[in-house]
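Protein chains: 2
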Amino acid sequence: MARLFHVPLSPYCRKVRLSLAEKKIEVELVEERYWEQDPDFLRRNPAGKVPVLRLDGQIMAESAAICEYIEETRPEPPLMPKKPEARYEVRRLVGWFDDKFHHEVTSKLLYERVNKKVTGQGYPDSKNVKEGAKAIKYHLDYMAWLLDHRRWLAGDQMTLADFAAAAHLSALDYISDVDWSRSAAVKDWYAKIKSRPAFRSILADQVPGFRPPPHYADLDF
Amino acid sequence: MARLFHVPLSPYCRKVRLSLAEKKIEVELVEERYWEQDPDFLRRNPAGKVPVLRLDGQIMAESAAICEYIEETRPEPPLMPKKPEARYEVRRLVGWFDDKFHHEVTSKLLYERVNKKVTGQGYPDSKNVKEGAKAIKYHLDYMAWLLDHRRWLAGDQMTLADFAAAAHLSALDYISDVDWSRSAAVKDWYAKIKSRPAFRSILADQVPGFRPPPHYADLDF
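Right, here's the structure in full:
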């Protein structure tokens, strides 16, 4: 069976979990305290990060490369469109969330509030938290603008771009950092994606010391 | 004709320039002072970063998404292998250089020494420079280890992984931050890639206020 070394609130791990679940690939989840840099773990991935996936007898790292591999070897149901222009747009948005959104929002809210505590690096930096709370508004507005003329973020079908975005937002929702009242379009989009069977394992996550708000796992939030 | 908005020493722009040149796609280069956040530029790319490429009537951003698009629409000569396992390895290494190497090395050497001055953000932080100078050794050793049993970084053919690595290293070489004596295997690899016609425009770059060392454009360095 496939095995994924992960941490529950990592958006990169969540994106891979969503891809695997949508393709109905069974996976054993193993929590990895990657910040302790265990030698066994470093042998599996010299980059020292999660996710690390064991699949088809290979050990793989880098969530973007993993998701493309899953898509190429298990094309059904598709999480990438067929045309190069549309595929470009999916990859642009995956980059948007995993690079820009991560840098401006996730690293300033989730990493300050949760990762610092879990890895014993002290208290949240309130300047960062303030900046992250401000930046997420701009990103939600950008998503609302995209969803104003598209059914899903990258076009008319659900793709890896939606999973990348939902992976970040679901992790932030676990710590009550998403204001769903800001845009009805974004809330509707999240309700659609949240109700997919692939999302169930993510809604069941529990991180000791951090209790999610009641609406976190509620499909009718 | 294609048009690329870029800055000369950006490794992400250089990776795209190498891909375009290898595929013999003529491109007009336009220097973009992206940090001034000109409204026209932000309309082309809301992420506010370079590279931005105009190609096939589209405006595109995010270097990884751009390179995949070029590969899908202009497959010859190939910069990606055919098999999913080999394609995974290329994408993993592109991620390695554009994420990990960038974070640990490029941002600490190039950004401190050049970008800060060009964008008027003051002097290099010597702690960062020291950390970057230490980290590049580890990365050169990792490349030497890969090249010990492979002709190119991701396998037996030249791929986007080589262009990603060469894009970072060439920018650092412009400011004399690469110790080529550390590994004969890495030096040989760089000599091979540097002598390709696709590399010419990069070796001709000039950044006002920063003169490259004599070996920068020398194929026999």
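In order, the protein sequences belong to chains A and B. The opening position of the first sequence corresponds to residue 1 in full-length UniProt numbering, with each subsequent residue numbered one higher. The opening position of the second sequence corresponds to residue 1 in full-length UniProt numbering, with each subsequent residue numbered one higher. We treat Cβ as the ideally placed atom computed from N, Cα and C, and that holds for glycine. The model shown is predicted, which means the values in this text are computed figures rather than measured ones.
Residues that residue i contacts on chain A, provided the C-beta gap is smaller than 9 Å
i	result
B:GLN58	GLU85 and TYR88
B:TYR142	PRO46
Neighbour list for residue i in chain B, Cβ cutoff strictly below 8 Å
i	result
A:TRP96	ALA47 and GLU62
A:TYR12	Those do not exist, as A:TYR12 stays about 11 Å from chain B at its closest Cβ, beyond 8 Å.
A:GLU68	ARG87, TYR88 and ARG91
Contacts of residue i in chain A (Cβ-Cβ under 7 Å)
i	result
B:ALA165	None at all; the shortest Cβ gap to chain A is about 15 Å.
B:GLU72	PRO84 and ARG87
Classification of residue i by the beta-carbon crowding that lies within 10 angstroms, buried from 16 upward
i	result
B:TYR69	buried
A:LEU55	buried
B:ARG17	buried
B:LEU219	exposed
A:ASP125	exposed
residue 222 of chain A	Outside the modelled stretch of chain A, which goes from 1 to 221, sits residue 222 of chain A, for which no answer is possible.
B:ARG151	exposed
B:HIS215	exposed
B:ASP141	exposed
B:LYS108	buried
A:TYR123	exposed
A:ASP173	buried
B:GLY155	buried
A:ILE59	exposed
B:GLY57	exposed
B:LYS194	buried
B:GLU112	buried
B:ALA184	exposed
Residue-level contact to chain E via CB, residue i, 8 Å cutoff
i	result
B:THR106	Judged by its chain identifiers, the structure shown contains no chain E, and its protein chains are A and B.
For residue i, the three-state DSSP class (helix, strand or coil)
i	result
A:ARG54	strand
B:ARG3	strand
B:VAL186	helix
B:ILE136	helix
B:ALA61	strand
B:GLY122	coil
B:GLU26	coil
A:VAL207	strand
B:GLY155	strand
B:GLU76	coil
B:GLU32	coil
A:GLY48	coil
A:SER195	coil
A:SER10	coil
B:LEU168	Going by the sequence as given, residue 168 of chain B is His instead of Leu. Of the three classes helix, strand and coil, the one that applies to B:HIS168 here is helix, per DSSP.
A:HIS102	helix
B:ILE175	coil
B:LYS117	helix
B:LYS15	helix
A:ASP141	helix
B:PRO39	helix
Interface residues of chain A facing residue i [CB-CB closer than 8 Å]
i	result
B:ARG92	MET60, ALA61, GLU62 and ALA65
C-alpha distance - residue i paired with residue j, whole-angstrom precision
i	j	result
A:HIS168	A:ALA86	22 Å
B:LYS83	B:THR73	18 Å
A:ALA2	A:PRO197	19 Å
A:LYS137	A:ARG182	8 Å
A:PHE221	B:GLU71	42 Å
A:ILE175	A:ASN115	12 Å
B:GLU62	A:LEU160	16 Å
A:LYS24	A:TYR190	21 Å
A:MET80	B:TRP96	23 Å
A:GLU28	B:GLU26	48 Å
A:TYR88	A:LEU110	28 Å
B:ALA144	B:ALA135	14 Å
B:LYS187	B:TRP180	6 Å
A:LEU4	A:GLU31	8 Å
A:ASP148	A:GLN157	15 Å
B:SER19	B:PHE163	8 Å
A:ASP177	A:VAL129	10 Å
B:PRO77	B:ASP38	36 Å
A:LEU203	A:GLU22	15 Å
A:PHE199	A:TYR34	24 Å
Partners in chain B for residue i, counting only beta-carbon separations shorter than 7 Å
i	result
A:LYS100	ALA47
Residue i: CB within 7 Å of a non-hydrogen atom of the ligand PLP
i	result
A:VAL118	Absent from the structure shown: the ligand PLP. Ligands present: none.
Would you check if the segment 118-135 of chain B and the segment 103-118 of chain A touch, i.e. whether three or more CB-CB distances between them fall below 8 Å? No, they do not touch.
Inter-stretch contact (C-beta, 8 Å, three-pair minimum) for the segment 6-21 of chain B and the segment 44-56 of chain B: At 8 Å Cβ cutoff, the stretches touch.
Examine the Cβ distances between the segment 29-43 of chain B and the segment 61-68 of chain B and report whether three or more of them are shorter than 8 Å. With a cut-off of 8 Å, the segment 61-68 of chain B and the segment 29-43 of chain B do not count as touching, because too few Cβ pairs lie within range.
Is the segment 153-173 of chain B touching the segment 205-216 of chain A in the sense that three or more CB pairs, one from each, lie closer than 8 Å? As far as the Cβ criterion goes, the segment 205-216 of chain A does not touch the segment 153-173 of chain B, which means the pair count is below three.
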